[in-house]
Amino acid sequence: MEPARLLAAYERMAVIRRTEKAAHDLFLQGLVKGTTHLAAGQEAIAVGASAALRPDDYVFATYRGHHHALARGATPEECLAELMSRATGLCRAKGGSMHLTKAATGMLGSYAIVGSHLPMAVGAAWSARLRGTEQLAVAFFGDGATNIGAFHESLNLAAVWRLPVLFVCENNLYMEYTPIADVTAVPRPAADRAPAYGIPGEVVDGNDVVAVAEAVGRLAGRARAGDGPAVLEAETYRHFGHSRTDPATYRPAEEVERWLKHDPLDLARGRLAELGIGTQAVAEADERARAVVERAVEAAKAAPPPDPREALTDVWADGGAAWRT
913 MEPARLLAAY
923 ERMAVIRRTE
933 KAAHDLFLQG
943 LVKGTTHLAA
953 GQEAIAVGAS
963 AALRPDDYVF
973 ATYRGHHHAL
983 ARGATPEECL
993 AELMSRATGL
1003 CRAKGGSMHL
1013 TKAATGMLGS
1023 YAIVGSHLPM
1033 AVGAAWSARL
1043 RGTEQLAVAF
1053 FGDGATNIGA
1063 FHESLNLAAV
1073 WRLPVLFVCE
1083 NNLYMEYTPI
1093 ADVTAVPRPA
1103 ADRAPAYGIP
1113 GEVVDGNDVV
1123 AVAEAVGRLA
1133 GRARAGDGPA
1143 VLEAETYRHF
1153 GHSRTDPATY
1163 RPAEEVERWL
1173 KHDPLDLARG
1183 RLAELGIGTQ
1193 AVAEADERAR
1203 AVVERAVEAA
1213 KAAPPPDPRE
1223 ALTDVWADGG
1233 AAWRT
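1069 is the number that the working numbering gives to position 157 of the sequence shown; each next residue is one higher, with no gaps.
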């Protein structure tokens, strides 16, 4: 990744980190309705993958999907307004934290049901194949999803039909509060299972934005060439608990300390230094990120609530209930 692109990726990660911090603070102020599942610490996966994808590729994410929405073109203001149930929110206050969607940029949603979006990604890839567009579908999911049926069904069909779909496991070591290693027969819950379906399974440092971009770019090229799906397991770590009601006291202190020293932003700064990008350029990127998010917070706070008359719009194609009959 050339220096200019890496600096841009760093700035995008800085924006995401600050947006997540803002969501955390707004929740504590009672301004975010419902819960949130923060992805602070996992930014390199979303940003690195997005850097390797085309603008018209499809992305599907989990309820921990703020970073993917932002990486695929949603603004901090749109996301924070959505979390605060404002009319200017990404989904006009109908989605909340767990359902961020921006179809115009290929972000086809965050999904609260674990693994439910994996078959959807397979369907999107099938659609791309039928239309001959060479688009790629990417499903991001947590390590816990590897132990449910939808994961295995999706890999199987994608392999049988050799579809242009990439399955990216964001392995942050915990399926909610349970260590994935305690309940899984193989050490790499996603990558180790891929060979059973005759598809490649790789592991990458999910906190290294360059490594993620390179891996996704290579596997995306393979899929577009007609060589079928692949599984990429990105090892990472969330800085916060599972949700805003989880203090994460079940995680060993030494484990947390070790992973905090392997922060995606720190790794990117190190790579930038190796490429000759000085601290001034990095500081300016940080300042731009700070200013963008601060403006987004104030704009979201000032935004109006949604109009109740719009409650049934954007739900069904015609806004009605004729589908029932």
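Yeah, the Cβ is synthetic: ideal placement off N, Cα and C, and Gly gets one too.
Bear in mind the structure is a predicted one, so any value in this text is a computation, not a measurement.
Suppose contacts are defined by Cβ-Cβ distances below 9 angstroms. Is Gly1008 in contact with Lys945 by that definition?
Residue numbering aside, residue 1008 sits at position 96 when the sequence shown is read from its first letter. Residue numbering aside, residue 945 sits at position 33 when the sequence shown is read from its first letter. For Gly1008 and Lys945, yes; Cβs fall inside 9 angstroms.
Please say whether Ala1142 and Glu1114 have beta carbons closer to each other than 9 angstroms?
Counted from its first residue, the sequence shown places residue 1114 at position 202. Counted from its first residue, the sequence shown places residue 1142 at position 230. Taking a C-beta distance under 9 angstroms as the contact criterion, Glu1114 and Ala1142 qualify as a contact pair.
Should Tyr1023 be labelled buried (16 or more other beta-carbon atoms within 10 Å of its own) or exposed?
Residue 1023 sits at position 111 when you count from the first residue of the sequence shown. Burial of Tyr1023 is indicated by the presence of at least 16 other C-beta atoms within 10 angstroms of its C-beta.
I'd like to check one pair, Gln1047 with Ala1057: are the Cβ atoms closer than 9 angstroms?
For the purposes of this step, residue 1057 is identified with residue 145 of the sequence shown, where counting begins at 1. For the purposes of this step, residue 1047 is identified with residue 135 of the sequence shown, where counting begins at 1. Against a cut-off of 9 angstroms, the Cβ pair of Gln1047 and Ala1057 comes out as no contact.
Out of Val1121, Thr974, Phe1079, which has the shortest C-alpha to C-alpha gap to Tyr1109?
Stepping through the sequence shown from its first residue, residue 1109 is reached at position 197. Comparing alpha carbon positions, the residue from Val1121, Thr974, Phe1079 closest to Tyr1109 is Phe1079.
DSSP on Ala1146, reduced to helix/strand/coil?
Along the sequence shown, one-based indexing puts residue 1146 at 234. Note: Ala1146 maps to strand in three-state DSSP.
At the level of alpha carbons, what is the spacing between Arg1004 and Glu1222?
Numbered from 1 along the sequence shown, position 92 holds the residue referred to as residue 1004. Numbered from 1 along the sequence shown, position 310 holds the residue referred to as residue 1222. Cα to Cα, Arg1004 sits roughly 9 angstroms from Glu1222.
Terminal residues of the beta strand (DSSP E) in which Thr974 lies:
Here residue 974 is taken as the residue at index 62 of the sequence shown, counted from 1. 970-974 is the extent of the beta strand (DSSP E) around Thr974.
Which ranges does the alpha helix (DSSP H) cover as unbroken runs of at least 4 residues, wholly within the stretch 1132-1192, from first to last along the chain?
Listed in chain order, the complete alpha helix (DSSP H) runs (minimum 4 residues) inside the stretch 1132-1192 are 1165-1172, 1176-1186.
Could you check how far apart the C-beta atoms of Ala1146 and Val1116 are, in whole angstroms? I think they sit under 8 angstroms.
Residue mapping note: residue 1146 aligns to position 234 of the sequence shown, counting from 1. Residue mapping note: residue 1116 aligns to position 204 of the sequence shown, counting from 1. The Cβ separation is near 5 angstroms, so the contact holds.
Can you look up Asn1083 in the DSSP assignment and give me helix, strand or coil?
By one-based count along the sequence shown, residue 1083 stands at place 171. Three-state result, Asn1083: strand.
Cα separation between Cys991 and Leu1002?
Here residue 991 refers to the residue found at position 79 of the sequence shown. Here residue 1002 refers to the residue found at position 90 of the sequence shown. Approximately 6 angstroms, taken between the alpha carbons.
Alpha helix (DSSP H) segments (min. 4 residues) lying fully within the stretch 1043-1115
Runs found: 1061-1072.
Just to confirm before moving on: does the CB-CB distance between Ala1214 and Leu919 stay below 9 angstroms?
Position 302 of the sequence shown holds residue 1214. Position 7 of the sequence shown holds residue 919. Result no, Cβ atoms of Ala1214 and Leu919 do not sit closer than 9 angstroms.
Arg998: buried (16+ other C-beta within 10 angstroms of its C-beta) or exposed?
Sequence index remark: in the sequence shown, residue 998 carries index 86 (1-based). Per the 10 Å Cβ criterion, buried.
With H, G and I counted as helix, E and B as strand and the rest as coil, what does DSSP make of Gly1008?
As a position in the sequence shown, residue 1008 is number 96, starting the count at 1. Three-state DSSP puts Gly1008 in coil, outside helix and strand.
Quick check: the Cα distance between Val1072 and Ile1111, rounded to an integer number of angstroms?
Taking the first residue of the sequence shown as 1, we reach residue 1072 at position 160. Taking the first residue of the sequence shown as 1, we reach residue 1111 at position 199. About 10 angstroms.
7 angstroms Cβ shell around Leu1179 - same chain, five flanking residues per side excluded:
Walking along the sequence shown from the start, residue 1179 turns up at place 267. Within the same chain, Asn1119, Asp1120 come within 7 angstroms of Leu1179 by CB-CB distance, once the 5 residues on both sides are set aside.
Are the beta-carbon atoms belonging to Gly953 and Pro1176 less than 9 angstroms from one another?
Taking the first residue of the sequence shown as position 1, residue 953 is located at position 41. Taking the first residue of the sequence shown as position 1, residue 1176 is located at position 264. Yes, the pair counts as a contact, with Cβ atoms nearer than the cut-off.
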